[in-house]
Each structure stands twice: as C-alpha cells, then as structure tokens.
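>
Protein chains in written order, with our numbering: chain A, 93 to 413; chain B, 358 to 618.
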C-alpha cells in the first residue's frame, strides 16, 4: 500500500488557488522530494497532508487514512518538522522532546527514555538543558527532527528542513534523513534546493503555480529532457571549424560564448575519446573539455521556463535589501 | 492508558509549559503581579479615606476592600497574558506542532487555560498574603479565603478562554495585546475598585450589569463580611456565562483556524 496517495488535491484562499489538482503517490519506504520555488504550493500541500489545513477539493490519504475523514489516525502515523523549525525559544531541548512524547500519548517513562535516545542521536545531549533560543540554526533543525521522531512515525514530513542552514549543517541533516529512510521511514521532503532533491529523493515531484509539472526519479527526469553534452573551450583554431567537426559527433547546442562549443552526445563519456581524436586530427587546440550531464535545474527550466536557484537567489537578495 | 487519562496528561503538560513560559518571560509576568500590586499600594495609600464616604460598605480598611479589585485586575491581565502567549505560539508556528499531534484539539486550549488558572491561583494567594501581611483581615476566615481563591482561579480560566479565542481567531499577539486597555475599561466599569452605591450614571448602570461586578462582589464578600450565598451564586453564574461564551468562541475560532490554515 502506498504511504501517501493524493488525487486532485486543491486549496483555494478566496480567489487565490494555491494548489490546483495535485496528484501524486509516495511508496512505502520512499523519499519523495517535493521541489518548487517559494509560493509554488509546497507548504500548502504539506499542511493539507498533515491535517493542518482542510483541502477545498480532491482527496488525500496518508498511511492509509483519509486526511479529512480520519485526521487523528493520520496524525498518529506521521512526524512533522515544519518550515522555520517551530520551536519555543523558552523551552529547553529536553522539555520540548518530552512534551512531544506526551502529545503522542507515550507513557512518561517511555517518553523520557526515547527523549534521551533521540537527543543523543542528534548530538544534542550536552545542550539538552539549554533554552532553545540559544541554539544555532542547525541545532534547532536537529531538535525539530528529533521531536518529529519521538513516536517512530511511519511517514515523516520535512518542510524545507535545510533552508537557511550552512553547508555542514545541511549535510548533517541529509545524513540523518538517509539513515531514517534506511530504517524504513517514508520521507516526504519539500525543498527549494535542487541538489537536496537530487541527493536524497528516490522520486521527485516538481510543483509550480500549484500544479505538478513533472514527476519521476531524478535520473528519469534528467533523461527525459535530453542527453548529456560535451562542453569544450577552444585554445586555438576557428570556432566554425570546431563546430563542423563536432557536428559529426552529435547535435550542436547554442553556445554560451564565442570560444565555447556545446555538442549533445548520445553515449555520454564514451563519446569523449572520438571527439578529442576528431578535433586533434583537424588541428584544433582545446583548452578544456568536460562532459555535462543534465541537472534537475535543466529539468526545472525545461518544465517551468525559469531557473529555480536563480529565483531563490533573487528572493533572498530582495529580502536582504 | 485510557483516552481520558492521556488527555489529562496532555492538558497538564501544556499547562506546565504555559506556567513556565510566563515565569520565563518577564513581560508576561509583570502585568499579572507587579502592576496590580503597585496599583493596590498607590490606591490604598492615596485614597484610604474613601471608606468614610457615606454609602461605602462597612470594611475594616481600604486595603481589605481593594484586595478583590487587585485580584480582579491580576486575573484579567493573566487572561490577557495567556491570550498573548497563545498568539505568540500561533505566530511562531508552535501551535502547528500541537495541531499535528494525535490529541483532541480542545486539549490544546484547555492546556493553555490550565496554565492561566494556575496563574490565577498564584495571584489570589499573592494578594491574600499581601493583605494579611499589611493588616487586612479575611472576615470569613479560611473558608472565605478558599472561596476567594476558587473564584479568582475559575475567573482567570474563564477570561483566559476569551483571550485564547481571540488569539485563535486573529493569530496576532499585537491584536491581543491591544485589548489591554479594554481590560482596564471593563474593570473600571465594574465594582472591582469602587462600590456600586457611590458610582454615578451611566457608569453605575453599566457596572450593575457588568458580569465582572458580580464576580468582584463574590470575591470581596467573604473578605469583608460573612459569606453571602446570593453573592456567591451570582459570581458563579457570571463565571459560568463567561466560560460558555469563551468555549463557544474558542470552538468557532478553532474551526476557523483549520479552514484558513
């Protein structure tokens, strides 16, 4: 049985349709990456799946329970770490996890035992009696993750778990997510980081404007939009001659500058030797050559018409100014 | 463990968190104890001869009369502070953590109210202690003190319910905080600080129908006189009315929050 089934899910806020007929399915034990820019409908979808918001259309079931008809059963099966790590800065880490254990109906002794184990797991035992307000961003995310795990949920929802974190903290969270998944937990991960989805997700859904615009494994999505290409930078020789040679290897792609040739190749790395030989035979000097595989950003551009990471950077710049 | 026992554990845990939160955030604690204590000191020191006015109820002293007013002010502000703290929880997303747990959602509100009630209890004991320390007598003795404590605790919970409902509806701490002056207006238009018989119109008529006048009289009665069953009954009815109102408003606000997210 799939861990999450969503059919035609919709959510409107007055005239604004935040989510417009989302369909998706997440298998048991899978990491599903839900990728999209800010305002795409990721968080609204997660809030509906975690019973925090009623849908205005469609249906969704999590762990076999309908989110509208059986919200308590859904909530008993899920762990939730929401965006911005919603933690009380006045509580200590230990108090928070113990409270979470009580909320999940665990007996006091069992809750305390699990709290200690989880604090140790996320390396917060030493800081457990400090107020959360004094924690770093990475510590808060780890605490939030630990709190979401206290009842050993079947399905874990992580809403942008690494947004705003430094690379080291981000990698720590990734390792923890991988380990949880290895232990059998299904993970529904929303992110605006392509690398995160690429690194972690078994399947990726790209949402834009409240609609799923692409879905599949990262590899299948990349394969869908085309083959890898060879990018070569000329050291000497004519660009026209180089293009003529490369056109015999594969399809030429629009160049990014006057000394660069891009050629799509069907066999990936296997096409590099014959490309080098052909250029050498034609007396064309090459400064650099590399095989560029399609990225999820290429997929994103192909499906939405814009770059996700540039969109995020622009938003961060706008916030900073 | 039965569902009821689990719910009680949740209410207790959330109530304890609410109390800790208040004690750890001085700006929530100050209005509950510091302001009413200062006002009590200023009023008692500056207007003590009011007890000699014709129509003033027979009391041992102005401090004895004012204890109920200080408790009323404290419990009202405890309710307001509880509402602010709840709204802060909503603003920072902490309530999402609670709403995503497999517990009945009314336990979240009850947990907050349990904390507010505990603050009411603390405030009642604080002002009784201050009264006794500075020479005020509790006319009805230990039983009278207990009645005052129970009424203050229950009213704090009822008023906290209104604060929680507003917090749930608006999700804004500044809106709840903005009600602070209204709390004082409601109190000054009751008999909390001044005897009904000495008020002038239209304040007198408003105070006569203000439920907080009934509660203030219910708290004051055992402090300044023998327990009067009628005063006590009216106070309990007024509290019950506020409880019902706060429950209805909270339930509606909870449904609204789930609809709008």
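Yeah, the Cβ is synthetic: ideal placement off N, Cα and C, and Gly gets one too.
#1: Residues of chain B with a CB under 9 Å from the CB of residue 383(A): which are they?
#2: The stretch 456-486 of chain B: which residues have C-beta closer than 7 Å to a C-beta of chain A, in chain order?
#3: Counting only the same chain and skipping the five closest in sequence on each side, list residues whose C-beta sits under 8 Å from that of residue 404(B).
#4: For the alpha helix (DSSP H) containing residue 473(B), name the first residue and the last one.
#5: Against chain B, with Cβ distances strictly below 8 Å, would residue 411(A) count as a contact?
#6: List the residues of chain A whose Cβ lies closer than 8 Å to the Cβ of residue 451(B), in chain order.
#7: Out of curiosity, what's the CA-to-CA distance linking residue 255(A) and residue 235(A)?
#8: Can you look up residue 380(A) in the DSSP assignment and give me helix, strand or coil?
#9: Name the residue from 322(A), 170(A), 257(A) whose alpha carbon lies nearest to the alpha carbon of residue 196(A).
#10: Over what stretch of residues does the alpha helix (DSSP H) that includes residue 300(A) continue unbroken?
#11: Using the Cβ count rule (16 or more neighbours within 10 Å means buried), how would you classify residue 574(B)?
#12: Relative to the alpha-carbon of residue 295(A), which residue among 281(A), 285(A), 302(A), 301(A) has its alpha-carbon at the smallest distance?
#13: Give me the DSSP bridge partner(s) of residue 243(A).
#14: Leaving out five residues on either side along the sequence, give the residues of the same chain with a beta carbon under 7 Å from the beta carbon of residue 247(A).
#15: Closer than 9 Å by beta-carbon distance: list the chain B residues that pair up with residue 241(A), in chain order.
#16: Pull the bridge partners of residue 114(A) from the DSSP assignment, please.
#17: Are the C-beta atoms of residue 183(A) and some chain B residue less than 8 Å apart?
#18: So residue 325(A) is in the beta strand (DSSP E); what residue range does that whole segment cover?
#19: Within the 8 Å Cβ cut-off, does residue 222(A) reach chain B?
#20: Could you check where the beta strand (DSSP E) with residue 124(A) kicks off and where it finishes?
#21: Under 7 Å Cβ-Cβ, which residues of chain E neighbour residue 168(A)?
#22: Looking at the secondary structure, which residues open and close the beta strand (DSSP E) in which residue 389(B) lies?
#23: List the whole-angstrom C-beta distance separating residue 138(A) from residue 114(A), where the pair is believed to meet the contact cut-off of C-beta under 8 Å.
#24: Can you tell me whether residue 435(B) is buried or exposed? The criterion is at least 16 other CB atoms within 10 Å of its CB, across all chains shown.
#25: Could you tell me the distance, in whole angstroms, from the CA atom of residue 369(B) to the CA atom of residue 486(B)?
#26: What residue range is occupied by the uninterrupted alpha helix (DSSP H) comprising residue 519(B)?
#27: Who are the neighbours of residue 615(B) on chain A, taking C-beta pairs under 8 Å?
#28: Name the residue from 120(A), 127(A), 121(A) whose alpha carbon lies nearest to the alpha carbon of residue 284(A).
#29: Taking 8 Å as the CB-CB limit, is residue 562(B) close to chain A?
#30: Between 401(B), 551(B), 467(B), which has its C-alpha nearest residue 414(B)'s C-alpha?
#31: What are the start and end residues of the alpha helix (DSSP H) that includes residue 321(B)?
#32: Would DSSP call residue 373(A) helix, strand or coil?
#33: So that I know if they touch, is there some Cβ in chain B lying closer than 8 Å to that of residue 194(A)?
#34: Is the separation between the beta-carbon of residue 419(A) and that of residue 206(A) shorter than 8 Å?
#35: Go ahead and pull the three-state DSSP assignment for residue 356(A).
#36: What do you get for residue 130(A), buried or exposed, if any count of 16 or more other CB atoms within 10 angstroms of its CB means buried?
By the coordinates alone:
#1: Within chain B, no residue comes near residue 383(A); the closest Cβ sits about 44 Å away, beyond 9 Å.
#2: 456, 457, 458, 459, 460
#3: 419
#4: 463-490
#5: With a pLDDT of 44 at residue 411(A), under the threshold of 50, the modelled position of this residue cannot be trusted, and the question is left open.
#6: 178, 179, 180
#7: 15 Å
#8: strand
#9: 170(A)
#10: Careful: residue 300(A) lies outside any alpha helix (DSSP H), inside the beta strand (DSSP E) at 295-300.
#11: buried
#12: 281(A)
#13: In DSSP, residue 243(A) forms no bridge with anything.
#14: 95, 96, 154, 155, 169, 170, 278, 280
#15: Within chain B, no residue comes near residue 241(A); the closest Cβ sits about 13 Å away, beyond 9 Å.
#16: 101(A)
#17: yes
#18: 321-328
#19: no
#20: 123-127
#21: Among the protein chains in the structure shown, which are A and B, there is no chain E.
#22: First-last for residue 389(B): undefined, no H or E at that position.
#23: Actually they are not in contact, since the Cβ atoms of residue 138(A) and residue 114(A) sit about 11 Å apart, beyond 8 Å.
#24: buried
#25: 26 Å
#26: 498-527
#27: 144, 145, 146
#28: 127(A)
#29: no
#30: 551(B)
#31: Given that chain B is displayed from residue 358 to residue 618, the structure contains no residue 321(B) and the question cannot be resolved.
#32: helix
#33: yes
#34: Because chain A spans 93 through 413 in this model, residue 419(A) falls outside it and cannot be assessed.
#35: strand
#36: exposed
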